[in-house]
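A.B. asks: Got a structure for you, written out below as structure tokens; questions coming shortly.
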Amino acid sequence: MSNESNSLITGAQSLVRSLEHAGVTDLFGIPGGAILPAYDPLMDSKVLRHILVRHEQGAGHAAQGYALATNRVGVCMATSGPGATNLVTPIADAYMDSVAMVAITGQVPSGAIGTDAFQEADIRGITMPITKHNYLITDARDIPRAIAEAFHIASTGRPGPVLVDIAKDALQKQTEFAWPTSIDLAGYHPVTKPNVKQVKEAAKLIMQSRRPVFYVGGGVIKAQAARELYQLAELTGIPVVTTLMARGAFPDSHKLHLGMPGMHGTVAAVGALQKSDLLITLAARFDDRVTGRLDSFAPFAKVIHADIDPAEIGKNREADIPIVGDVKETIVELISAIKAEFKAGKAIDQEAWWQELNAMRKAYPLGYDLPTDGSVSPQQVIARLGQISGPETIFTSGVGQHQMWAAQYINYENPGTWMNSGGLGTMGFAVPAAMGAKVGAPEKTVWAIDGDGCFQMTNQELATCAINNIPIKVAIINNQSLGMVRQWQTLFYESRYSNTDLQTHRIPDFVKLADAYGCHGLRCDSPDQIDATINQAMKLNDAPVVVDFSVHKDAMVWPMIAAGASNDAIQYARDLAPDWERGDAE
0 MSNESNSLIT GAQSLVRSLE HAGVTDLFGI PGGAILPAYD PLMDSKVLRH ILVRHEQGAG
60 HAAQGYALAT NRVGVCMATS GPGATNLVTP IADAYMDSVA MVAITGQVPS GAIGTDAFQE
120 ADIRGITMPI TKHNYLITDA RDIPRAIAEA FHIASTGRPG PVLVDIAKDA LQKQTEFAWP
180 TSIDLAGYHP VTKPNVKQVK EAAKLIMQSR RPVFYVGGGV IKAQAARELY QLAELTGIPV
240 VTTLMARGAF PDSHKLHLGM PGMHGTVAAV GALQKSDLLI TLAARFDDRV TGRLDSFAPF
300 AKVIHADIDP AEIGKNREAD IPIVGDVKET IVELISAIKA EFKAGKAIDQ EAWWQELNAM
360 RKAYPLGYDL PTDGSVSPQQ VIARLGQISG PETIFTSGVG QHQMWAAQYI NYENPGTWMN
420 SGGLGTMGFA VPAAMGAKVG APEKTVWAID GDGCFQMTNQ ELATCAINNI PIKVAIINNQ
480 SLGMVRQWQT LFYESRYSNT DLQTHRIPDF VKLADAYGCH GLRCDSPDQI DATINQAMKL
540 NDAPVVVDFS VHKDAMVWPM IAAGASNDAI QYARDLAPDW ERGDAE
């Protein structure tokens, strides 16, 4: 421990000083009884900006957006009981999507723990399965160490959330402040440097392949390895697919990019994986939304799997060559190994492979039909948002149809410009995540693309944005229903629309709601208003902007693979499957 010991201070003051030492400048939270002692010294900090949110879930998602925009640890704070349990969803979300976050919660006094005291909840036990690690602090002396370790754990190895639960009496007691000068956690030593022998074996296997594909996951963005991925792809000429969490890791405009694979991926990306003889898997986890029915996924492919988390390798798909390590370092080593293979006269024969992929890409491009009744196409709205706002814009999304259209029809050229809830699929993510992203990157334009269902789950954070001068922009893709659920009812439940109709008479009126929250409210009801409305929203930067795009109710997300089905059963449109003959890859 450091010798930075002054006169006695309270545990609460020690917490504030610890956060300052950890490099925190912004945090999101709501005070309450158990955490209240921490809020008093927080007023005196000249370093920490606390943003008072309107719901703890908003604090958690804002911390996620902040972390994703800054590549720093996001921080949220809540009181005990319901305050802490309201953080469970964003904590689970951060765990599933590997977002570095520290959640600080107050707890009832240590003597009352286990007595069912007022606003008591065993938040440590509740979050045990959804945190990288968590703490219950009952001694004020332990606060600096716990905070230092929490930030270290959250940001190293595979990023993730860490919870620090602090008893009220620990915040109130007197203590000496001592910040740790080093951290050495027994059993926690993430492997970052890949095994060079394994990397060389991977390079040899790549040279032998005829149908290789780079299967790129969100970990490439977390590792800030987009530049290295670009160099590797250019060196090899191997096709690239980027998962929902990896959008922006490789430029959409690049000729080697086949798009997004998975349930709503491009036909070329899905087909490339299915027909591949080698998956070069970089920081992806073979989740069910990409693989479809696992036993029929990429049936002829050998697998190189590089990931910093050894638990992911072999979890869903056996790896022929496993590589544990930081994916950035792994790619750098792989580039070196492949260059050595080229120098030795080896080459990758992909001519026939690219002829097949290009034919597939040409035959089955992403596209949509405009409504025949003159109503607004949601896909067109989202495509124009991307084109008008530009490639430096940060886009967040809720979950559902609008999320998939945003992943499909916005061209992502840069990492860190697409933020969504992938693993947990949390409705209500978009607005608070956009708020956090805007705090972290105030110079960037930040659009939250939301559905009318998602928006009504967390739109109270517009008040936070308006009061704190956080001018995000929100595009509500308003089809008056829970769109993705309705799509499934159309396809699989004989159009029996049970409890998916949200509103028919503008309840609520989103423009009036925006005005009530101190935001600019705009509405777009016809296709000829799309560009003008977006341009108007782009000019308004003195307050948050909410745009209600009233869109066609029956628009669907295509392509689509039904849940649990094989990727070979992909549908390009309703009742239309691509005509590919997969054949046996040799």
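Residue numbers (numbering that gives the first Met the number 0): 0 to 585. Beta carbons are placed, not taken as given, at the ideal position from N, Cα and C, and that holds for glycine. Owing to the predicted nature of the structure, the values given are computational and were not obtained by experimental measurement.
Could you please give the first and the last residue of the uninterrupted alpha helix (DSSP H) stretch that includes residue 364?
C.D. replies: Where residue 364 is concerned, there is no enclosing alpha helix (DSSP H), given that its DSSP letter is neither H nor E.
A.B. asks: Leaving aside the five residues before and after residue 204 along the sequence, list all residues of the same chain whose C-beta is less than 8 Å from its C-beta, in chain order.
C.D. replies: Around residue 204: 277, 301, 303, 319 and 320.
A.B. asks: Please state whether DSSP places residue 117 in a helix, a strand or coil.
C.D. replies: Residue 117 falls in the coil class under three-state DSSP.
A.B. asks: Looking at the unbroken alpha helix (DSSP H) that takes in residue 385, where does it start and where does it end?
C.D. replies: Per DSSP, residue 385 belongs to the alpha helix (DSSP H) from 377 to 388.
A.B. asks: Taking all protein chains shown into account, decide if residue 516 is buried (16 or more other Cβ within 10 angstroms of its Cβ) or exposed.
C.D. replies: The residue in question, residue 516, is buried, as its Cβ has 16 or more Cβ neighbours within 10 Å.
A.B. asks: With respect to the beta strand (DSSP E) encompassing residue 470, which residues constitute its N-terminal and C-terminal limits?
C.D. replies: That residue, residue 470, is in no beta strand (DSSP E); it is neither H nor E in DSSP.
A.B. asks: Since residue 87 contacts residue 125 with CB under 8 Å, what's their CB separation in whole angstroms?
C.D. replies: Yes, residue 87 and residue 125 are in contact; Cβ-Cβ is about 6 Å, under 8 Å.
A.B. asks: Would you kindly check if the distance between the Cβ of residue 28 and the Cβ of residue 52 is under 8 Å?
C.D. replies: Yes, these two residues count as a Cβ contact at 8 Å.
A.B. asks: Can you find the residues in the same chain that come closer than 6 Å, C-beta to C-beta, to residue 585, ignoring five residues on each side of it along the sequence?
C.D. replies: Low per-residue confidence applies at residue 585: pLDDT is 37, beneath 50, and the placement is therefore not dependable enough to give any value.
A.B. asks: Whole angstroms is fine: what's the gap from residue 12's alpha carbon to residue 129's?
C.D. replies: In a straight line, the C-alpha of residue 12 is about 29 Å away from that of residue 129.
A.B. asks: Can you look up residue 84 in the DSSP assignment and give me helix, strand or coil?
C.D. replies: Residue state, collapsed to three classes: helix.
A.B. asks: Who are residue 519's beta bridge partners in DSSP?
C.D. replies: Per DSSP, 544.
A.B. asks: Going by the DSSP bridge assignment, what does residue 32 pair with across the sheet?
C.D. replies: Answer is none; residue 32 lacks a bridge partner.
A.B. asks: Which whole-angstrom value is the C-beta distance of residue 34 and residue 197, which I expect to be below 8 Å?
C.D. replies: Not confirmed; about 47 Å, so no contact.
A.B. asks: Under a three-way DSSP split, which group does residue 584 fall into?
C.D. replies: In this prediction, residue 584 has a pLDDT of 38, which is less than 50 and means its spatial position is unreliable; what the coordinates show is noted afterwards. Residue 584 falls in the coil class under three-state DSSP.
A.B. asks: Could you tell me whether the stretch 80 to 100 touches the stretch 419 to 427, where touching means 3 or more Cβ pairs closer than 8 Å?
C.D. replies: Taking 8 Å as the limit for Cβ pairs, the verdict is that the stretch 419 to 427 does touch the stretch 80 to 100.
A.B. asks: Taking the DSSP output, what are the residues bridged to residue 303?
C.D. replies: DSSP output for residue 303 lists 279 and 320 as bridge partner(s).
A.B. asks: Considering only C-alpha positions, which residue in the set 99, 178 and 44 is nearest to residue 17?
C.D. replies: Of the listed residues, the one whose Cα sits closest to residue 17 is 178.
A.B. asks: Where does residue 12 fall in DSSP's three states?
C.D. replies: Here residue 12 sits in helix by DSSP.
A.B. asks: DSSP three-state call for residue 449: helix, strand or coil?
C.D. replies: Note: residue 449 maps to strand in three-state DSSP.
A.B. asks: So, helix, strand or coil for residue 214, using DSSP?
C.D. replies: In this structure, residue 214 counts as strand in the three-state DSSP scheme.
A.B. asks: Excluding the 5 residues preceding and the 5 following residue 532 in the sequence, name in chain order all residues of the same chain whose CB lies nearer than 7 Å to its CB.
C.D. replies: The answer, listed in chain order, is 521, 523 and 546.
A.B. asks: Got a sec, what are the start and stop residues for the beta strand (DSSP E) residue 73 sits in?
C.D. replies: It spans 73 to 77 - the beta strand (DSSP E) in which residue 73 sits, taken as one unbroken run.
A.B. asks: What do you get for residue 246, buried or exposed, if any count of 16 or more other CB atoms within 10 angstroms of its CB means buried?
C.D. replies: Residue 246 should be labelled buried.
A.B. asks: DSSP beta-bridge partners for residue 163?
C.D. replies: DSSP, once it has assigned bridges, lists 103 and 134 as partnering residue 163.
A.B. asks: How far does the beta strand (DSSP E) with residue 258 in it extend, from its first residue to its last?
C.D. replies: Taken as a continuous stretch (DSSP letters only), the beta strand (DSSP E) holding residue 258 covers 256 to 258.
A.B. asks: Please state whether DSSP places residue 563 in a helix, a strand or coil.
C.D. replies: The answer is coil: DSSP assigns residue 563 none of H, G, I, E or B.
A.B. asks: Let me confirm a value: residue 559 is counted as buried when at least 16 other C-beta atoms fall within 10 Å, else exposed. Which label applies?
C.D. replies: Buried is the call here.
A.B. asks: So the candidates are 333, 366 and 347; which of them puts its Cα closest to the Cα of residue 211?
C.D. replies: Residue 347 is the option with its Cα nearest to residue 211.
A.B. asks: With the cut-off set at 8 Å, would you say residue 235 and residue 215 are in Cβ contact?
C.D. replies: No, they are not a contact pair.
A.B. asks: Are the beta-carbon atoms of residue 482 and residue 450 separated by less than 8 Å?
C.D. replies: Closer than 8 Å, so yes.
A.B. asks: Please state whether DSSP places residue 536 in a helix, a strand or coil.
C.D. replies: Note: residue 536 maps to helix in three-state DSSP.
A.B. asks: Just tell me which of 447, 439, 550 and 461 has its CA closest to the CA of residue 479.
C.D. replies: It is 550.
A.B. asks: When you compare each of 169, 452, 566 and 190 to residue 294 by their alpha carbons, which one comes out closest?
C.D. replies: Measuring from the Cα of residue 294, the nearest candidate turns out to be 566.
A.B. asks: Can you tell me where the alpha helix (DSSP H) holding residue 491 begins and where it ends?
C.D. replies: Unbroken alpha helix (DSSP H) run through residue 491: 482 to 491.
A.B. asks: Out of curiosity, what's the CA-to-CA distance linking residue 250 and residue 385?
C.D. replies: Cα to Cα, residue 250 sits roughly 14 Å from residue 385.
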